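Right under this line is the structure:
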C-alpha cells in the first residue's frame with residue numbers, strides 16, 4: 001500500500017510541516033539558549049518529532065494531551081502558537097504562562113494541552129484523573145499521555161496503568177522509548193530489557209511496539225488506539241521506539257553514548273528526511289513544495305523569536321498572581 | 001441547636017456536597033465496602049453508588065494524582081487519606097502537581113481538590129501511624145490547610161474547603177471524631193483564615209489548633225484556679241494563617257505560648273511564634289514559648305506515647321519557666 005492510498009496529500013503535507021516546524025523550532029531554541037535568551041533546563045525533541053506529530057494527529061479537538069518536560073513538540077503538534085511557546089521559553093509576559101512556567105511547563109487548556117509536567121511519571125496519574133472525569137461525565141474524550149522510558153521504573157507508572165485498566169478509563173499511554181533515561185541506557189534500568197510494552201500486559205492493557213521514526217506508522221497505531229479507547233474498552237498502550245538526536249538537556253555532554261550511534265540514527269533514522277524521501281519517491285509532493293514548506297516554517301520560527309525578543313518581561317506585580325485560584 | 005459528634009458533622013458535609021453538586025465524588029482506600037476506616041463514609045456506597053464513592057487500590061500517589069487530574073478537568077473530587085502518614089507516598093502529587101498547576105499555568109488550570117487526611121497521635125499506633133504533617137503542607141504555596149477541632153468547625157470548614165477552587169488538606173484528628181458539639185441546622189460556613197477565641201483571658205495567650213485546643217483549655221482551667229486567666233485561640237486553618245487574632249490577644253495578655261502536637265524541630269508553631277515576635281515584640285513580657293511534642297518517633301506504649309505529646313501540665317510548667325523565673 002502506498003502512502004497516497006492511505007492519506008490525502010493535504011494531510012501528508014501537514015504532517016511534514018508539523019515535524020519540520022518542531023525541528024526548526026528546537027534547533028533555534030538551542031541557538032537561543034547559547035545566546036542566553038532561554039535559561040534553565042532545555043530538553044529538545046529533535047529526532048522524536050514523528051511520535052508527537054503522528055500520535056496527536058489522531059485526536060479530536062476536545063481530547064486531552066498531557067506529557068513530560070520534553071514538551072515543546074507536543075505543544076506545537078497540538079496547535080499551540082509558536083510565538084506564545086517561544087515567548088514562554090524567553091520568560092516573557094506574552095508566554096503561555098506569562099513567563100512563570102518555562103520550557104518544562106507549557107500549558108494551553110483551550111486546546112486540551114494539559115502540560116508539561118517535570119517530575120518523571122507525575123503526569124500519568126493526572127492523565128488517569130482527566131480520563132476519570134471524562135468517564136464520569138459520559139463524554140467520549142480520550143486522554144493521550146506521553147512519557148519516556150525513564151518513567152517506567154517509577155511507581156506512578158504502575159499505579160496509573162492499574163487504575164486505568166481497572167476502571168476502563170479512556171487513556172492512550174504513549175511511551176516514547178528513546179533508549180535512555182537521561183544518561184542511563186534502558187537495559188541498565190529495566191529488568192526485562194529494552195522492549196517495555198510487555199509491561200502493559202501485566203495490567204491487561206493491549207500493547208504494541210512501533211517504529212516511532214515513521215510518522216505514518218505512529219499515526220496508524222494512534223488512530224487504532226484512540227478508536228478502541230474511545231469506544232469504552234479501556235486504555236491502550238503504544239510503545240514508539242525513537243531516539244533523541246541531541247542530549248537529554250542542552251547541558252548534557254553525552255558521555256554515555258558513542259558519537260557513531262548518534263550519527264547512525266541521524267543518517268538512517270531521521271523521521272523527517274525519511275518521510276520526505278518516501279513522499280518524493282512516490283511523487284506525491286514535489287521538491288519545490290517541500291522547499292516552500294521549509295521556508296514557511298523558518299519564517300514562523302523567525303517570527304516567534306522576534307515576538308519573544310520584543311515582548312515585555314512580566315511585571316514584578318505578577319509575582320503573586322495565580323498562586324491560588326480565586 | 002442539635003448536638004452531634006465530629007464524625008457526623010463531616011458526614012453531613014460530604015452528603016450535602018454529593019447531593020448538591022454532581023461534580024463531587026469521593027475517592028479513597030476502603031471508603032466504600034469497608035465503610036471507611038474511621039466510619040466517616042459508612043453507608044455512602046449504598047446511598048450514592050460506586051461511581052461517586054470510589055474504593056481505590058492502595059496507591060496514594062495514584063489516588064491523589066488521579067483526583068488532581070479530575071479536578072483539572074472541572075470535577076470536585078474529595079479524597080480520603082486513611083491517615084496523613086500515608087500521604088508521604090503521595091506528597092509529590094500534592095506539592096509538585098496540585099499545588100503548582102494554577103501558578104505554572106498562569107491561572108489556566110484550577111485544582112478544586114479536598115484531601116481529607118486523618119492526623120495525630122494518641123491512638124497507640126506507634127511511630128508510623130501517629131504523625132502530624134499538616135504543618136508541612138501549610139508551608140507550601142498553593143495549598144490550603146484546615147484543622148477543625150469541633151463539629152461546628154468540621155462542617156463549616158468542610159463546606160468552605162469543598163467550595164474552594166484550590167487544593168485543601170483537611171486534617172481530621174483521629175481522637176476528635178467522637179467529640180460532641182452544637183451544630184445549627186441553618187446553613188453556615190466557617191471561612192478560612194479566621195481564628196477563634198475559645199476561652200477569653202487577660203493573663204496569657206495559648207495559640208493552638210486541633211486536639212491541642214482541649215489540652216490548652218484543660219491547662220487554662222487549672223491556671224484559673226491559681227488566679228491566672230488564659231486566652232485560648234484555635235487557629236482553625238494553618239494556611240491561610242490568622243496571626244492577627246493571636247497578635248491582638250498578645251497585646252492584651254503580653255504572654256504567649258504556642259501549643260502544637262507535632263515535633264518541636266521545624267514545627268509550624270515556630271512560624272506562629274516568629275510572627276508574634278515580629279508583630280508584637282514591644283507588647284511581650286518575655287519570650288514567645290512553644291510547647292510541642294518531643295522530637296521522638298511516637299512510641300507504642302501508652303505511658304510513653306502520652307509522655308511524648310504535650311499535656312496541660314507541660315503547658316503550665318513552660319509558662320512558669322518562661323514568665324516566673
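Chains as they are written, first to last, in the working numbering: chain A, 1 to 326; chain U, 1 to 325. Backbone N, C-alpha and C define an ideal beta-carbon position, used for all residues, glycine too. None of these values were measured; they are calculated from a predicted model.
In this structure residue 66 of chain U is in contact with residue 128 of chain A, their Cβ atoms being roughly 4 Å apart against a cut-off of 8 Å. Here the C-alpha atom of residue 31 of chain U lies approximately 35 Å from the C-alpha atom of residue 272 of chain U. Beta-bridge partners of residue 199 of chain U (DSSP): U:232. Unbroken alpha helix (DSSP H) stretches of 4 residues or longer found wholly inside the segment 142 to 174 of chain A: 155 to 166, given in chain order.
Counting only runs of 4+ residues, the alpha helix (DSSP H) found wholly inside the segment 26 to 69 of chain A occupies 49 to 56, in chain order. Around the beta carbon of residue 1 of chain U, fewer than 16 other beta carbons sit within 10 angstroms, so the residue counts as exposed. Taking the Cα of residue 244 of chain U as reference, the smallest distance to any Cα among U:274, U:4, U:312, U:27 is reached at U:274. For residue 251 of chain U, the uninterrupted alpha helix (DSSP H) run begins and ends at 243 to 253, by DSSP. The beta carbons of residue 26 of chain A and residue 73 of chain A sit closer together than 9 Å. For residue 237 of chain U, the enclosing beta strand (DSSP E) stretches over residues 237 to 239. DSSP places residue 76 of chain U in the strand class (E or B) of the three-state scheme. Within the segment 136 to 164 of chain A, those residues whose Cβ lies closer than 7 Å to any Cβ of chain U are, in chain order, 136, 155, 156, 159, 160, 162, 163.
In this structure, residue 144 of chain A and residue 63 of chain A form a Cβ contact; the two beta carbons are roughly 7 Å apart against a cut-off of 8 Å.
Within the segment 90 to 112 of chain U, 92, 93, 96, 97, 102, 103, 104, 105, 106, 107, 108, 109, 110 place their CB atoms closer than 7 Å to a CB of chain A, listed in sequence order.
Chain A has a Cβ within less than 9 Å of the Cβ of residue 62 of chain U.
For residue 114 of chain A, the closest Cβ of chain U is nearer than 9 Å. Interface flag for residue 326 of chain A against chain U is set, since a Cβ pair is found closer than 9 Å. Under the DSSP definition of a beta bridge, residue 257 of chain A lacks any partner. In this structure, the straight-line span from the alpha carbon of residue 258 of chain A to that of residue 176 of chain A is close to 21 Å. If you draw a straight line from the Cα of residue 221 of chain U to the Cα of residue 240 of chain U, it comes to about 29 Å. Think of a sphere of 7 Å around the beta carbon of residue 74 of chain A: no beta carbon from chain U falls inside it, the nearest being about 15 Å out. Within chain U, the residues whose beta carbon sits less than 7 Å from that of residue 119 of chain A are 92, 96, listed in sequence order. Residue pairing by DSSP places residue 181 of chain U opposite U:4 in a beta bridge.
Going by DSSP, residue 307 of chain A is part of no beta strand (DSSP E) but of the alpha helix (DSSP H) stretching over 287 to 310. Shortest Cα-Cα distance from residue 196 of chain U to any of U:22, U:152, U:294, U:87 involves U:152. Note that the C-beta distance between residue 116 of chain A and residue 105 of chain A is below 9 Å. The CB of residue 51 of chain U comes closer than 7 Å to the CB of 136 in chain A, given here in chain order.
Of all residues in the segment 63 to 95 of chain A, none is placed with a Cβ closer than 7 Å to any Cβ belonging to chain U. Residue 226 of chain U sits exposed, since fewer than 16 C-beta atoms from the chains shown fall within 10 Å of its C-beta. Here residue 196 of chain A has 149, 152, 175, 177, 190, 239 as same chain residues with Cβ atoms under 7 Å from its own Cβ, once five neighbours each way along the sequence are excluded. Chain U has no Cβ within less than 9 Å of the Cβ of residue 168 of chain A.
A straight line joining the alpha-carbon of residue 58 of chain A with that of residue 58 of chain U spans about 34 Å. Taking a Cβ-Cβ cut-off of 7 Å, the neighbours of residue 97 of chain A in chain U comprise 104, 105, 106, given in sequence order.
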